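Here the structure is laid out as structure tokens; the discussion comes afterwards.
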Amino acid sequence: MNWPTSARRLASASVLSTALLFTATSCEEASDLGVELPGTNATSTEYRDFPVTASTVLQDSINTLKANSYLIGRVRDNALGTTTAKGYFNLKISPSASDTLPANVLGTNPNAQLDSVVLVMPFAPAAIYGSAASPLRVDVYPLTAPLDEQGVYNSASTAAADMAGALGTGVAARLNGTRTVRQRNDPSSSTDTSTFKLSEPNRTVRLKLNASNSLLTNVFGLLKNTSFSQSQLDAAWKGLMIQPTSNFNSAVVGFASIGSVSSAVFYYHYNKKVGTGTLKGTYSIPFGTQAAYATKANAPRYFTSIVTEPAAPFNQLQGASNSARSVPSSASGDIAYMQAGSGFVAKLEIPGLAELKQLAQPQATGGSPSIAINRAELQVQVQPSSNLLFALPANGYLYEVNANNEPLRRVFLNSRVERVILRDGLNQLGIGLTSIENNAQNLGYYQNAAAATPLAVSDVNRYYGLLMTSYVQAYVYDKLSGTTPAAFLFSPILRNSNALGLERAALDGKNIRLRVYYSKLR
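Using our numbering, you'd call the opening residue of the sequence shown number 540 and step up by one each time.
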């Protein structure tokens, strides 16, 4: 990647600032930092920065089934390549309070007539990965069979669609539109009826389908029957697939599944009960949402398929047979990448851990270790000015992996879980934790994963800091069970998290270090 000259100058200044900051913290006393082992005395306390070798790997799939959002669109950038996201959905009856089934409108001859069918899909402004300047353009198709209630779906999955029965092609919706709303002059008053007009961003995509499509007219016919049921809907409309048009590549959009409802809305009119003229009605069928249902388990199934066509040199990572490969940061402009959704993660090799373990060897058989680890922090520098298209991930997590980039696993509560580095202060084998999933007592395994957070040194200079003293102590004092990790994957994804997006971090491959404070003992 070619960085602007100004960015290079900023990077140089930022790295210097970071070095000064880190140096300024190097004078801490051993008693301030922590720990000497019982029965020993510290002869000296020092810190060392152990270099970390960084590269980029591509994981084969991530969980997207019933995630907190679904993604649709395509975005192309010069760094990693082109990412395409398609959404697959079951539909499930759960009408809103404002809906009226056409069969239930009043009158002796209401004669409800279909006007239009629109997919109404709320999105978050922070979930536009790319540019909002161009309208989102998609094709919409019905599925040939509903998503299997027992099936396993992830980012590498697909489902068969009826490509000959398109519900809409080239359907467009603005991502940067506005709408006019009325607001009370005194919002705190319940009696003030005076209002003024206010323009605000319109954060809802509306995709108008082809209402003359036989599938949609058939479904509307079912809505005119008071016995309309979920089984009838499943038989007539087996599901949805929404994909970007072949010539759309400016953005991927995240649509919220929590706190908002995506629906296929049938707009219709019918005869007045008395007199002449017509009235209007709507009926909504939700999809891709959990908000319209009592529990997540009761929500209709949906998932996002995410395909990345990597640009060179990352194209050598494509394909299941290449999952063990990695692209060193030296081959990609001294940058390693991690990105949610796409499967790109940074591989970190820390040879200093083995060196520390050797330093800690007792001077006599059965004796105490030769050093005490007082504090250890992983410092991962973010490349300045590298987040124009994608926001920075809120967290990063470290997974132990073998030489083939496969996560190591341990048995925990009779299940095999990935060996993720746990929060500092905890036993790194998970002893004391009571569940795999999150629980109200904050004693879930993944719930207690150590989270690296981005810290700002200056306006343009940030780094991820991960305190991992307990892990380094366990590694050095041989308290980890199982295979010694060959490396670590630095990932923005926590395995049991339902979050889904394309947040990305470009990591400075030359400025990643493990800083360890330790005391030599006698």
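Every residue gets a Cβ at the ideal spot worked out from N, C-alpha and C, and that includes glycine. Since we're looking at a predicted model, the values are computed, not measured.
Distance check for residue j and residue i, CA to CA, integer angstroms please.
i: serine 860; j: leucine 597; result: 11 angstroms
i: lysine 763; j: proline 649; result: 10 angstroms
i: lysine 625; j: threonine 603; result: 11 angstroms
i: alanine 911; j: aspartate 1047; result: 30 angstroms
i: threonine 623; j: alanine 831; result: 27 angstroms
i: isoleucine 1051; j: leucine 947; result: 23 angstroms
i: aspartate 873; j: threonine 592; result: 10 angstroms
i: serine 997; j: glycine 880; result: 28 angstroms
i: arginine 864; j: valine 950; result: 27 angstroms
i: leucine 682; j: glutamine 771; result: 15 angstroms
i: leucine 1033; j: lysine 605; result: 15 angstroms
i: serine 1020; j: glutamine 782; result: 46 angstroms
i: alanine 870; j: glutamate 739; result: 45 angstroms
i: proline 685; j: glutamine 769; result: 12 angstroms
i: leucine 746; j: phenylalanine 842; result: 19 angstroms
i: methionine 780; j: tyrosine 627; result: 5 angstroms
i: threonine 697; j: serine 909; result: 55 angstroms
i: alanine 833; j: phenylalanine 589; result: 51 angstroms
i: leucine 1005; j: leucine 994; result: 10 angstroms
i: glutamine 689; j: proline 849; result: 32 angstroms
i: lysine 1049; j: asparagine 1037; result: 32 angstroms
i: alanine 636; j: tyrosine 1014; result: 58 angstroms
Please classify residue i as buried or exposed, where buried requires at least 16 neighbouring CB atoms within 10 angstroms.
i: proline 852; result: exposed
i: arginine 676; result: buried
i: methionine 877; result: buried
i: valine 720; result: exposed
i: glycine 816; result: exposed
i: lysine 777; result: buried
i: alanine 875; result: buried
i: glycine 891; result: buried
i: threonine 595; result: buried
i: leucine 952; result: exposed
i: glycine 935; result: buried
i: lysine 886; result: buried
i: tyrosine 1057; result: buried
Need the endpoints of the beta strand (DSSP E) that residue i sits in, please.
i: lysine 747; result: 743-747
i: lysine 1059; result: 1043-1060
i: threonine 662; result: What sits at residue 662 in the sequence shown is phenylalanine, not threonine. That run of the beta strand (DSSP E) goes 652-669.
i: phenylalanine 929; result: Neither: phenylalanine 929 is in no beta strand (DSSP E) and is coded neither H nor E.
i: glutamate 739; result: 734-740
i: glycine 820; result: 817-826
i: glutamate 612; result: As written in the sequence, residue 612 is glycine, which differs from the glutamate given in the question. Looking at the DSSP string, the run of the beta strand (DSSP E) that includes glycine 612 is 608-616.
i: phenylalanine 803; result: The residue you asked about is not phenylalanine; residue 803 is alanine in the sequence shown. Taken as a continuous stretch (DSSP letters only), the beta strand (DSSP E) holding alanine 803 covers 801-810.
Which residue marks the beginning of the alpha helix (DSSP H) containing residue i, and which one marks its end?
i: tyrosine 1010; result: 1008-1015
i: arginine 624; result: Note on residue identity: the sequence assigns alanine, not arginine, to residue 624. Alanine 624 -> not in any alpha helix (DSSP H); beta strand (DSSP E) instead, spanning 620-628.
i: glycine 760; result: 753-762
i: serine 770; result: 769-775
Indicate whether residue i and residue j have their beta-carbon atoms separated by less than 8 angstroms.
i: lysine 744; j: glycine 707; result: According to the sequence shown, residue 744 is valine rather than lysine. In this structure, glycine 707 does not lie closer than 8 angstroms to valine 744 by Cβ.
i: serine 974; j: leucine 982; result: yes
i: proline 839; j: serine 802; result: no
i: alanine 666; j: valine 866; result: no
i: alanine 1044; j: valine 884; result: no
i: valine 800; j: threonine 828; result: yes
i: glutamate 939; j: phenylalanine 1027; result: yes
i: valine 614; j: serine 823; result: no
i: leucine 928; j: glycine 669; result: yes
i: valine 919; j: alanine 991; result: yes
i: serine 608; j: phenylalanine 787; result: no
By Cβ distance below 7 angstroms, which residues in the same chain neighbour residue i in space, the five residues on each side in sequence not counted?
i: aspartate 731; result: Arg723, Asn724, Asp725
i: histidine 808; result: Gln652, Asp654, Thr817, Leu818, Lys819
i: glycine 964; result: Ser1009
Who are the Cβ neighbours of residue i in its own chain at under 8 angstroms, not counting the five residues just before and after it?
i: glycine 882; result: Leu597, Gln598, Asp599, Ser600, Ile601, Ser694, Ile845, Thr847
i: alanine 775; result: Leu754, Asn757, Val758, Leu761
i: arginine 742; result: Pro661, Phe662, Ala663, Pro664
i: threonine 639; result: Gly820, Thr821, Tyr822
i: proline 1024; result: Glu939, Val940, Asn941, Leu947, Arg958
Apart from the five residues on each side of it in sequence, which residues of its chain come closer than 6 angstroms, Cβ to Cβ, to residue i?
i: lysine 631; result: Pro839
i: glutamine 986; result: Asn977
i: threonine 562; result: Because the pLDDT of threonine 562 is 39, which lies under 50, any placement of that residue in the model is unreliable, and the number read from its coordinates should be weighed accordingly. Correct list: empty, nothing qualifies.
i: tyrosine 1003; result: Val919, Gly935, Ala991, Pro993
Could you check whether the Cβ of residue i sits closer than 8 angstroms to any Cβ belonging to chain D?
i: leucine 895; result: Absent from the structure: chain D. Only one protein chain is present.
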